[in-house]
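Participant: I'd like to ask you about the structure that follows.
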Amino acid sequence: MVTQKLDPSPEKSIWDQMRSPASGGGSPGRPSLPRLMVWLVLFVSVTYLVYALRLVSTSRPCPEEDPFSTARRLSSTTSFSSSTDTQTRNRTEARREPEEALQRTELKHIVFGIAASAKLWDQRKSYIKLWWFVMGDDDTVFVTENLLRVLNKYDHRQFYYIGSLSESHLQNIYFSYGMAYGGGGFAISYPLAKALSEMQDSCIRRYPGLYGSDDRIQACMAELGVPLTKELGFHQ
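When we follow the UniProt record's numbering, the leftmost residue of the sequence shown carries the number 1, and every step to the right adds one.
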């Protein structure tokens, strides 16, 4: 026979066998991908929910702030700063005053003046920066240690005219026991010397008959109302 009709059933069965493993093997793997996506979405949702709940539980409500509270705080801060500065300055000044009051009189605070020509005023005017002016004759001897001990008993910021009387009873009667004699020397505090400088010229012109410098000083002291503070150490 030239031709022979083949039975198509064996070929069909072979084709079906070749196709069935592919279709049968793929069917079990398809459900795994959707299941993974579901678990991923579920995990993200739970994580977000936990985070949101924690954020809400730990957050605090914002306080309602008065619109004028900021201005009041700034004003109170400024007033507190100014009061603090004032208290600091007061404490500094309070400390400075006792230190100045407790400072002892030293030799550098005393100037010794001897009668001399007015031409020397330019060199001697810087002496007014000192605490005490001590006057004496050209033959007066000052023991500086004893002088400091005596002057340290007095406040150099007050009016003081310190000296001693004469050994002559008649002289003391004549000057009413109110004059410090230049032979033993006398001391004048700085404020008193400053007040004396403002009226000394007119005072001297009012008493032209007075000769000695100690006599003239005592007359001016009487006008200023400053009495003699007696210290026996100033003796002649």
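Each residue gets a CB set at the ideal place from its N, CA and C atoms; glycine is no exception.
Note that the structure is a prediction, hence the values are computed from the model and not measured.
Would you mind sorting Q218 into buried or exposed? The rule is 16 or more other CB atoms within 10 Å of its CB.
Facilitator: Q218 should be labelled buried.
Participant: Bridge partners for Y154 per DSSP, in chain order?
Facilitator: DSSP output for Y154 lists no bridge partner at all.
Participant: Rounded C-beta distance between G185 and T140? I'm assuming under 8 Å.
Facilitator: So it is a contact: roughly 5 Å between Cβ atoms.
Participant: Taking only runs of the beta strand (DSSP E) that begin and end inside the region 139-214, which ones reach a length of at least 3 residues, in chain order?
Facilitator: 161-163, 186-189, all fully within the region 139-214.
Participant: Using the rule of at least 16 other Cβ atoms within 10 Å of the residue's Cβ for burial, across every protein chain shown, is F133 buried or exposed?
Facilitator: When all chains shown are included, F133 counts as buried.
Participant: Return yes when at least one heavy atom of the ligand MN lies under 8 Å from the C-beta of L192, else no.
Facilitator: Within the structure as shown, the ligand MN is missing, as the structure has no ligands at all.
Participant: Return the CA-CA distance between M135 and Q123, expressed in angstroms with no decimal places.
Facilitator: Those two C-alpha atoms are separated by around 17 Å.
Participant: Does the Cβ of E223 have 16 or more other Cβ atoms within 10 Å, making it buried, or fewer, making it exposed?
Facilitator: The residue in question, E223, is exposed, as its Cβ has fewer than 16 Cβ neighbours within 10 Å.
Participant: Looking at D214 and G182, is the spacing between their C-beta atoms short of 9 Å?
Facilitator: For G182 and D214, yes; Cβs fall inside 9 Å.
Participant: Pick helix, strand or coil for F234, following the three-state DSSP scheme.
Facilitator: Looking at F234 - three-state DSSP - the assignment turns out to be coil, as it is neither helix nor strand.
Participant: From the DSSP secondary-structure annotation, give me the bridge partner or partners of V56.
Facilitator: The partner list for V56 (beta bridge, DSSP) is empty, contrary to what the question assumes.
Participant: Excluding sequence positions up to five away, which residues of its chain have a Cβ less than 7 Å from the Cβ of G29?
Facilitator: With a pLDDT of only 49 at G29, under 50, the local geometry of the prediction cannot be trusted, and no value is derived from it.
Participant: Below 8 Å on the Cβ atoms is my guess for T229 versus Y177; work out the distance and round it to an integer in Å.
Facilitator: With a Cβ gap of about 13 Å, T229 and Y177 do not count as contacting.
Participant: L210 and S164 - do their beta-carbons sit closer together than 9 Å?
Facilitator: Going by C-beta atoms, S164 is not nearer than 9 Å to L210.
Participant: Quick check on V41: does DSSP put it in helix, strand or coil?
Facilitator: The answer is helix: DSSP assigns V41 an H, G or I state.
Participant: Alpha carbon to alpha carbon, how far is K153 from M199? Give it in angstroms, no decimals.
Facilitator: Those two C-alpha atoms are separated by around 28 Å.
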